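Report on the structure given below.
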Amino acid sequence: MRKQVVVLIGTGSIGQAIVRRVGAGKHIVLADLKIEAAEKAAKTLEDAGFEVSAVQTDLASRESILALIDHSRQFGDIMNLVNAAGVSPSQAPVATILKVDLYGTSVLLEEFGKVIAEGGSGVVISSQSGHRLPALSEEQNTALATAPTEELLSLPFIASITDTLKAYQYSKRCNVLRVMGEATKWGRRGATVNSISPGIIITPLANDELKGSRGEGYRKMLSLCPAGRAGTPDEVGDLAEFLMSSRGRWITGADFLIDGGTTASYFYGDLQYLKATH
Ligand SMILES: NC(=O)c1ccc[n+]([C@@H]2O[C@H](COP(=O)([O-])OP(=O)(O)OC[C@H]3O[C@@H](n4cnc5c(N)ncnc54)[C@H](O)[C@@H]3O)[C@@H](O)[C@H]2O)c1
Numbered sequence: 005m006r007k008q009v010v011v012l013i014g015t016g017s018i019g020q021a022i023v024r025r026v027g028a029g030k031h032i033v034l035a036d037l038k039i040e041a042a043e044k045a046a047k048t049l050e051d052a053g054f055e056v057s058a059v060q061t062d063l064a065s066r067e068s069i070l071a072l073i074d075h076s077r078q079f080g081d082i083m084n085l086v087n088a089a090g091v092s093p094s095q096a097p098v099a100t101i102l103k104v105d106l107y108g109t110s111v112l113l114e115e116f117g118k119v120i121a122e123g124g125s126g127v128v129i130s131s132q133s134g135h136r137l138p139a140l141s142e143e144q145n146t147a148l149a150t151a152p153t154e155e156l157l158s159l160p161f162i163a164s165i166t167d168t169l170k171a172y173q174y175s176k177r178c179n180v181l182r183v184m185g186e187a188t189k190w191g192r193r194g195a196t197v198n199s200i201s202p203g204i205i206i207t208p209l210a211n212d213e214l215k216g217s218r219g220e221g222y223r224k225m226l227s228l229c230p231a232g233r234a235g236t237p238d239e240v241g242d243l244a245e246f247l248m249s250s251r252g253r254w255i256t257g258a259d260f261l262i263d264g265g266t267t268a269s270y271f272y273g274d275l276q277y278l279k280a281t282h
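Written out as structure tokens, the structure is:
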């Protein structure tokens, strides 16, 4: 029997929280560079009553994304796309961050934009980090939003990045702009696409950081943000669920900052001291 299909790339806890909310009664494709991660998520979700399949996918490769689309379409129409895959500044060198987070996400939006079903929706997980970058020029914004995907990494202001934090911030800014550019195309198919920019969300990795040698700095930062704590994957899931629901049909090409007020505080409040380091 053909089903509606939800595709999740990046099967960490943020991605899982989202598909748990939108995947009941559908087929959920769990795609990750690490097949063990996809299979682990598949077991958890299967044991909670979801229909799933796990597949190895490299977001940085167009060929791999096309294979993911082929795999997904065998189950039915692709109704939802969730991109929660990514590498952070402390996990990878500049070239990998740009290839996965900036280029890969752009290719993903381009290719799924050709096959997304009418009434469908997509969500890309960006980051509050992209909001810390100063305003770019109109020309740079237009290039990140609309340049052919194969030209993105050769744009002079991208090709000259040497610092992993900058690579991450430009990638996340690009995610937001690319979503705006792609929303104009997804709309012609009757589909919406938005980005979500989370602040610090507690995942196993973030929890290790909080308890580790740099933990004190993190805990201070969290206590000083307006919400006074980190976020949870479920809170991001709730926002994504709304955007992907029937109530979110008039929302597309938009970015949603969900950070407990951290960005507000970074610019105008107690977290301004971070400007010296971020
Ligand atoms: N956790 C946070 O505090 C936080 C905050 C802001 C934004 N984000 C963003 O949320 C997204 C998910 O992060 P998370 O915290 O759940 O991290 P995570 O590491 O738990 O999940 C990311 C997943 O992406 C996969 N991945 C990495 N490279 C890939 C590739 N080339 N192709 C396919 N999969 C790949 C990893 O194997 C991993 O399973 C990322 O884009 C991250 O930048 C996270």
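Okay, so the sequence shown: first residue is 5 according to the numbering used here, each after it adds one. Glycine included, each C-beta is placed from N, C-alpha and C at the ideal position. Since we're looking at a predicted model, the values are computed, not measured.
{"Asked": "How about the region 161-179 and the region 206-214: do they share at least three Cβ pairs that are nearer than 8 Å?", "Found": "no"}
{"Asked": "With Phe-116 as the anchor, note down where its alpha helix (DSSP H) starts and where it stops.", "Found": "109-116"}
{"Asked": "Measuring CA to CA, which of Val-59, Ser-201, Ala-46, Leu-112 is closest to Thr-260?", "Found": "Note that residue 260 is Phe in the sequence shown, not Thr. Comparing Cα positions, the closest option is Ser-201."}
{"Asked": "Give the range of the alpha helix (DSSP H) segment to which Lys-7 is assigned.", "Found": "Run containing Lys-7: none in the alpha helix (DSSP H); it sits in the beta strand (DSSP E), 7-13."}
{"Asked": "Cutting at 7 Å between CB atoms, please list the residues of its own chain near Ser-269, excluding the five before and the five after it.", "Found": "Leu-228, Cys-229, Pro-230, Leu-275"}
{"Asked": "Starting from Ser-125 and walking both ways along the beta strand (DSSP E), at which residues does that stretch end?", "Found": "125-129"}
{"Asked": "Please return the same chain residues whose Cβ sits closer than 7 Å to the Cβ of His-75, not counting the five positions on each side in sequence.", "Found": "Val-33, Val-59"}
{"Asked": "If you follow the beta strand (DSSP E) that Asp-259 is in, where does it begin and where does it stop?", "Found": "259-262"}
{"Asked": "Between the alpha carbons of Glu-114 and Ala-121, how many angstroms are there, rounded?", "Found": "14 Å"}
{"Asked": "Might you give, ordered along the chain, the residues of its own chain that have their beta carbon closer than 8 Å to the beta carbon of Val-119, omitting 5 neighbours on each side?", "Found": "Ile-73, Arg-77, Ile-82"}
{"Asked": "Using the DSSP secondary-structure output, state which residues sit across from Asp-81 in a beta bridge.", "Found": "Gln-8"}
{"Asked": "If you compare alpha carbons, which of Ala-88, Arg-136, Gly-216 is closest to Thr-266?", "Found": "Arg-136"}
{"Asked": "Is Asp-36 near ligand 1 - that is, is its Cβ less than 7 Å away from at least one heavy atom of it?", "Found": "yes"}
{"Asked": "Check for me: the beta strand (DSSP E) holding Pro-202 runs from which residue to which?", "Found": "196-202"}
{"Asked": "Quick check: what's the CA-CA separation for Glu-155 versus Phe-54?", "Found": "39 Å"}
{"Asked": "Quick one: what's Asp-36 bridged to in DSSP?", "Found": "Gln-60"}
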